[in-house]
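**Student:** Line by line, the protein sequences are chains A and B. Residue 111 in numbering that gives the first Met the number 0 sits at position 112 of the first sequence; the count goes up by one each step and never skips. Residue 31 in numbering that gives the first Met the number 0 sits at position 32 of the second sequence; the count goes up by one each step and never skips. Ideal Cβ placement from N, Cα and C applies to all residues, glycine included. This structure is a prediction, so every number in the text was calculated from the model and none was measured.
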Amino acid sequence: MANQRLEFEVVVVGAGPAGIAAACVAAENGRTVAVVDNSPWLGGQIWRGVQPGESLPVAPETSSPSPRQQSAGRGPGRGAQTQSQTRAGTASCGDSLLSPALSSRGGEGEPRAARDWLDRFQKCGARIFSNATVFAAPAPHLLLAETPDDVLELNWKKLILATGARERFLPFPGWTLPGVLGPGGLHAMSKSGWPVAEKRVVVAGSGPLLLAVADGLKQEGARVSLVAEQANWSRVMRFGVGLLRYPGKLLQGVGVKTRLLGVPYRCGCWPVKAEGFAQVESVTLSDGSRSWSEDCDYLACGFHLVPNLELPRLLGCAVANGFVSVNEFQLTSVPEVFCAGEPTGIGGVECALVEGQVAGLATVEDWDRAKDLFRQRAAWHHFRASLSRAFALRPELRQIATRDTYVCRCEDVRLENVKRCESWRAAKLHTRCGMGSCQGRTCGPAVEFLFGWDNNSVRPPLFPVRLASLSAPCNINKNPLETERPSSGV
Amino acid sequence: MRDHLTLSVNGKPVSVPPGSLVAAAVARAGVSSFHTSVHHEPRGPLCGMGVCFECSVTINGQAYCRSCLTLCEEGMEVQTHG
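1) Check distances from the C-beta atoms of the segment 31 to 48 of chain B to those of chain C and list, in chain order, the residues that come in under 7 angstroms.
2) One question on the structure: do A/Arg-222 and A/Arg-244 come within less than 8 angstroms of each other, judged by their Cβ atoms?
3) Can you have a look at A/Glu-306 and say buried or exposed, based on whether 16 or more other CB atoms are within 10 angstroms of its CB?
4) Count the C-beta pairs between the segment 325 to 341 of chain A and the segment 292 to 301 of chain A that are closer than 8 angstroms, then say yes if the count reaches three, no if not.
5) Runs of 4 residues minimum, wholly inside the segment 274 to 354 of chain A: which ones carry the alpha helix (DSSP H) assignment?
6) Output, in chain order, the set of chain B residues within a Cβ distance shorter than 8 angstroms of A/Asn-37.
7) Could you check which residue in A/Leu-466, A/Arg-393, A/Arg-30 and A/Phe-382 has the C-alpha nearest to that of A/Lys-248?
8) Apart from the five residues just before and just after B/Pro-16, which ones in its own chain have a Cβ nearer than 7 angstroms to its Cβ?
9) For chain A, find out if any of its Cβ atoms is closer than 8 angstroms to the Cβ of B/Pro-16; answer yes or no.
10) Please list the terminal residues of the continuous beta strand (DSSP E) segment that includes A/Thr-146.
11) Anything in chain B within Cβ reach of A/Leu-151, meaning under 8 angstroms, just list it in chain order.
12) Considering only the alpha carbon of each residue, which of B/Val-21, B/Cys-51 and B/Leu-6 lies closest to A/Gly-192?
13) Could you work out which residues of chain B lie near A/Met-434, taking near to mean beta carbons separated by less than 8 angstroms?
14) Would the segment 175 to 185 of chain A and the segment 310 to 324 of chain A be scored as touching if the rule is three or more Cβ pairs under 8 angstroms?
15) Listed from N- to C-terminal order along the chain, which residues in the segment 185 to 218 of chain A have their beta-carbon within a distance smaller than 7 angstroms of any beta-carbon of chain B?
16) Within a Cβ cutoff of 6 angstroms, which residues of the same chain sit near A/Asn-28, ignoring the five residues on either side of it in sequence?
17) Would you identify the three-state DSSP class for A/Cys-442, choosing helix, strand or coil?
18) Around the C-beta of A/Arg-111, are 16 or more other C-beta atoms found within 10 angstroms, so that it is buried, or is it exposed?
19) Under 6 angstroms Cβ to Cβ from A/Cys-350, same chain only, skipping five residues before and after it: list those, please.
20) Does any residue of chain A bring its CB to less than 8 angstroms from the CB of B/Glu-73?
21) Of the choices A/Arg-47, A/Val-406 and A/Ala-391, whose alpha-carbon is the least far from that of A/Cys-185?
22) Quickly, what does DSSP pair A/Arg-4 with across the bridge? List them, please.
23) Where does A/Gly-13 sit, in a helix, a strand or coil, going by DSSP?
24) Is B/Ala-62 close to chain A, meaning its C-beta is less than 8 angstroms from at least one C-beta of that chain?
25) Can you tell me where the alpha helix (DSSP H) holding A/Ser-385 begins and where it ends?
26) Output the boundary residues of the alpha helix (DSSP H) element that contains A/Gln-251.
27) My understanding is that A/Cys-130 touches A/Leu-141, with C-beta atoms under 8 angstroms, so please give their C-beta distance in whole angstroms.
28) Report the rounded CA-to-CA distance for B/Cys-54 versus A/Glu-354, giving the unit in angstroms.
29) Between which two residues does the alpha helix (DSSP H) carrying A/Gly-241 extend?
30) Pull up the distance between the alpha-carbon of A/Pro-463 and that of B/Gly-60, whole angstroms please.
31) Looking at the strands, I want to know which residues DSSP matches up with A/Thr-132.
32) On the CB-based measure, 16 or more other CB atoms within 10 Å of its CB, does A/Trp-174 come out buried or exposed?
33) For B/Val-37, which option in A/Val-34, A/Tyr-405, A/Lys-427 and A/Val-271 has the closest C-alpha, if you only look at C-alpha atoms?
34) Alpha carbon to alpha carbon, how far is A/Glu-293 from A/Ala-277? Give it in angstroms, no decimals.
35) Which whole-angstrom value describes the C-beta separation of A/Leu-260 and A/Pro-270, a residue pair presumed to lie in contact below a C-beta threshold of 8 angstroms?
36) Under a Cβ-count criterion, where at least 16 other Cβ atoms within 10 Å of its own Cβ denotes burial, should A/Ser-205 be classed as buried or exposed?
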């Protein structure tokens with residue numbers, strides 16, 4: 000297995016809104032830019048299934064790179080390799096990964112901004128490496144990413160971390176049953192063929208995502224019987240009134256609520272138990288004083304979002320209050336490493352887009368244009384703060400797991416065993432909590448909420464990878480930049 | 000572009016629209032348990048975005064593939080471990 004050695008002036012990790020915006024700005028200003036993302040599509044989770052604007056051909060296989068793209072191949076690793084790399088799971092913009100075919104029915108309902116940005120990205124000249132999971136940073140200015148076929152050695156001068164967020168899951172009896180999924184996850188998969196039509200779905204947990212997901216699932220033909228928000232009505236109302244400052248958001252919200260007429264949205268209640276034989280069949284909810292059951296085929300349950308901090312932490316970026324610390328130009332505590340979007344605070348698409356642009360402009364040292372965006376960014380930071388106030392988790396949620404509930408579902412570690420430990424590290428050592436294949440990504444945020452343990456121990460590989468991929472760093476460590484030695488493979 | 004792709008899930012043919020995830024093909028085949036946990040309990044996808052590994056299946060002989068991040072291809076052979 001031969002590694003691909005590539006050099007770029009700017010490498011962006013994550014092809015969600017923040018990463019796309021950052022890459023566009025940097026590439027349009029003449030930099031050689033690579034974007035790495037671990038999924039087969041562009042747009043991150045939030046824009047999954049959205050088609051770019053006018054320029055996407057109906058049959059993407061026949062498309063050729065735009066003239067701009069072909070002429071933009073100035074840096075090493077550009078241009079000539081493109082066609083062969085498409086087969087290896089990587090591609091230039093304009094290849095078929097832009098178009099998850101099932102999404103074509105989306106049409107006019109798709110957010111205009113998403114299509115515009117994806118369209119702009121196609122034309123900007125940045126290279127996209129999809130299906131590529133960054134798993135190590137064995138030397139300064141170097142990342143390793145595993146693709147289905149090989150390992151990419153990405154050398155960068157400036158790095159932008161746009162690693163996004165994931166859903167927070169809290170353990171409760173039955174949460175490991177098949178059919179209990181994250182709301183965002185279920186919605187995202189439903190855009191790629193996961194069957195939801197005619198299925199009875201209860202959406203529960205916390206955050207504005209619940210309503211958006213209920214809306215999306217309903218449009219896909221699901222029968223959404225309830226949206227259960229843990230936050231109290233008064234907090235959610237205050238948040239809703241606050242949306243008056245953000246007309247676009249308000250319109251979105253009104254649209255969603257209108258389409259969800261007939262679907263009850265209950266605040267101040269949460270799931271306490273899921274039951275079923277081989278998969279979930281019903282969920283019991285509680286409002287603190289009474290509990291009741293709802294039959295369902297899927298329970299879509301997630302408690303707002305948590306940032307993906309593994310790569311920033313591996314690189315040594317300072318983290319404060321659960322988010323990556325950045326200065327006004329999105330620069331982290333590590334020189335030449337920038338961070339934008341959800342890892343700096345859960346603020347949504349618009350916030351991510353502005354931060355991504357600021358980071359992109361910072362990499363090209365266009366400080367004035369970056370400063371022009373500060374006011375806009377401040378407004379979205381205000382929105383971000385109101386989000387975290389409105390959807391803060393209620394303390395009752397610390398009581399929904401019972402002693403024999405699995406906290407760590409990779410290793411099947413029960414609450415009673417984790418509870419005996421005094422720290423995350425001790426729990427790892429004594430119970431294997433967080434030591435399974437997800438490497439604590441699922442149970443980490445849960446134990447942080449349950450016990451206040453900081454999940455800050457990160458080491459490579461950041462994801463489980465093939466043994467052959469692990470052999471690569473050995474060569475690189477000895478001679479990071481000079482040799483063209485192929486990896487030995489295992 | 001084809002209307003449908005055909006792949007096999009646990010030896011049975013399943014037809015899905017192009018652009019479908021392997022996870023979706025498994026679900027469409029009526030399989031809810033993608034693998035079993037270390038205590039032999041049934042598990043299916045949780046996060047749907049490549050984080051939790053609960054959707055892991057064997058694809059064309061390659062064990063431990065995240066079916067929520069893998070798109071279906073014609074003739075693919077998928078094996079669950081539920």
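**Tutor:** So, from the data block:
1) The structure shown contains no chain C; its protein chains are A and B.
2) If you number the first sequence from 1, residue 222 of chain A lands on position 223. If you number the first sequence from 1, residue 244 of chain A lands on position 245. No; because the gap between Cβ atoms is not below 8 angstroms, this pair is not in contact.
3) The residue you call residue 306 of chain A lines up with position 307 of the first sequence. As written in the sequence, residue 306 of chain A is Pro, which differs from the Glu given in the question. By the Cβ neighbour-count rule, A/Pro-306 is buried, with 16 or more other Cβ atoms within 10 Å of its own.
4) No: fewer than three Cβ pairs fall under 8 angstroms.
5) Secondary structure within the segment 274 to 354 of chain A: the alpha helix (DSSP H) runs of 4 or more consecutive residues, fully enclosed, are 309 to 313 (chain order).
6) Within the first sequence, numbered from 1, the residue matching residue 37 of chain A stands at position 38. Result: Gly-49 and Leu-68.
7) Numbered from its first residue, the first sequence carries residue 248 of chain A at position 249. With distances taken between Cα atoms, A/Lys-248 lies closest to A/Phe-382.
8) Indexing the second sequence from 1 puts residue 16 of chain B at position 17. Excluding residues within five positions, the ones whose Cβ falls inside 7 angstroms are His-3.
9) Within the second sequence, residue 16 of chain B is the residue found at index 17, counting from 1. Yes, contact with chain A.
10) As a working note, residue 146 of chain A is residue 147 in the first sequence. No beta strand (DSSP E) contains A/Thr-146, which DSSP labels as neither H nor E.
11) Here residue 151 of chain A refers to the residue found at position 152 when the first sequence is read from its first residue. Result: empty, since nearest Cβ-Cβ is about 17 angstroms, beyond 8 angstroms.
12) Counting from one through the first sequence, the residue named residue 192 of chain A turns up at place 193. The residue from B/Val-21, B/Cys-51 and B/Leu-6 with its alpha-carbon nearest to that of A/Gly-192 is B/Val-21.
13) Residue mapping note: residue 434 of chain A aligns to position 435 of the first sequence, counting from 1. Against chain B, the beta carbon of A/Met-434 has no neighbour under 8 angstroms; the closest one sits roughly 11 angstroms away.
14) Below 8 angstroms, too few C-beta pairs join the segment 175 to 185 of chain A and the segment 310 to 324 of chain A to call them touching: fewer than three.
15) Close to chain B, meaning a Cβ-Cβ distance shorter than 7 angstroms, are the following residues of the segment 185 to 218 of chain A: Leu-185, Ala-187, Met-188, Ser-191, Gly-192, Trp-193 and Pro-194.
16) Translated into the one-based positions of the first sequence, residue 28 of chain A becomes position 29. Answer for A/Asn-28: Val-363, listed in chain order.
17) As a position in the first sequence, residue 442 of chain A is number 443, starting the count at 1. Helix, per DSSP.
18) Looking up residue 111 of chain A in the first sequence gives position 112. Result: exposed.
19) The residue given as residue 350 of chain A occupies position 351 in the first sequence. Residues Trp-379 and Arg-383 of the same chain have their beta carbon placed closer than 6 angstroms to that of A/Cys-350, with the five preceding and five following residues left out of the count.
20) Along the second sequence, one-based indexing puts residue 73 of chain B at 74. For B/Glu-73, no CB of chain A lies under 8 angstroms from its own CB, so it is not counted at the interface with that chain.
21) As a first step, residue 185 of chain A must be located in the first sequence, where it is residue number 186. Note on residue identity: the sequence assigns Leu, not Cys, to residue 185 of chain A. Cα-wise, what sits closest to A/Leu-185 is A/Arg-47.
22) In the first sequence, residue 4 of chain A corresponds to position 5, counting from 1. BP columns for A/Arg-4 point to A/Glu-152.
23) To locate residue 13 of chain A, count along the first sequence from 1; it is residue 14. Here A/Gly-13 carries a coil assignment [DSSP, helix/strand/coil].
24) Against the second sequence, residue 62 of chain B aligns to sequence position 63. Cβ-Cβ to chain A under 8 angstroms: no for B/Ala-62.
25) Start at 1 with the first residue of the first sequence, and residue 385 of chain A comes out as number 386. Per DSSP, the continuous alpha helix (DSSP H) segment holding A/Ser-385 begins and ends at 373 to 389.
26) Locating residue 251 of chain A in the first sequence gives position 252, where the first residue counts as 1. A/Gln-251 -> alpha helix (DSSP H) spans 246 to 258.
27) The residue you call residue 130 of chain A lines up with position 131 of the first sequence. The residue you call residue 141 of chain A lines up with position 142 of the first sequence. Just to set this straight, residue 130 of chain A is Asn in the shown sequence, not Cys. Not really, about 20 angstroms apart at Cβ, beyond 8 angstroms.
28) Residue mapping note: residue 54 of chain B aligns to position 55 of the second sequence, counting from 1. Residue mapping note: residue 354 of chain A aligns to position 355 of the first sequence, counting from 1. Between B/Cys-54 and A/Glu-354, the C-alpha separation is close to 33 angstroms.
29) Counted from its first residue, the first sequence places residue 241 of chain A at position 242. DSSP places A/Gly-241 inside the alpha helix (DSSP H), whose first and last residues are 232 to 241.
30) Here residue 463 of chain A is taken as the residue at index 464 of the first sequence, counted from 1. Here residue 60 of chain B is taken as the residue at index 61 of the second sequence, counted from 1. CA-to-CA, the gap between A/Pro-463 and B/Gly-60 works out to about 17 angstroms.
31) Position 133 of the first sequence, counted from the start, is the residue given in the question as residue 132 of chain A. DSSP output for A/Thr-132 lists A/Glu-145 as bridge partner(s).
32) Locating residue 174 of chain A in the first sequence gives position 175, where the first residue counts as 1. By the 10 Å Cβ count, A/Trp-174 comes out buried.
33) Numbered from 1 along the second sequence, position 38 holds the residue referred to as residue 37 of chain B. Checked all of A/Val-34, A/Tyr-405, A/Lys-427 and A/Val-271; the closest Cα to B/Val-37 is A/Tyr-405.
34) Against the first sequence, residue 277 of chain A aligns to sequence position 278. Against the first sequence, residue 293 of chain A aligns to sequence position 294. One alpha carbon belongs to A/Ala-277, the other to A/Glu-293, and they sit about 17 angstroms apart.
35) The residue you call residue 260 of chain A lines up with position 261 of the first sequence. The residue you call residue 270 of chain A lines up with position 271 of the first sequence. Going by Cβ atoms, the distance from A/Leu-260 to A/Pro-270 rounds to 24 angstroms, so no, they are not a contact pair.
36) Taking the first sequence and counting its residues from 1, one reaches residue 205 of chain A at position 206. Counting every other CB atom within 10 Å of its CB across the protein chains shown gives A/Ser-205 a total of 16 or more, marking it as buried.
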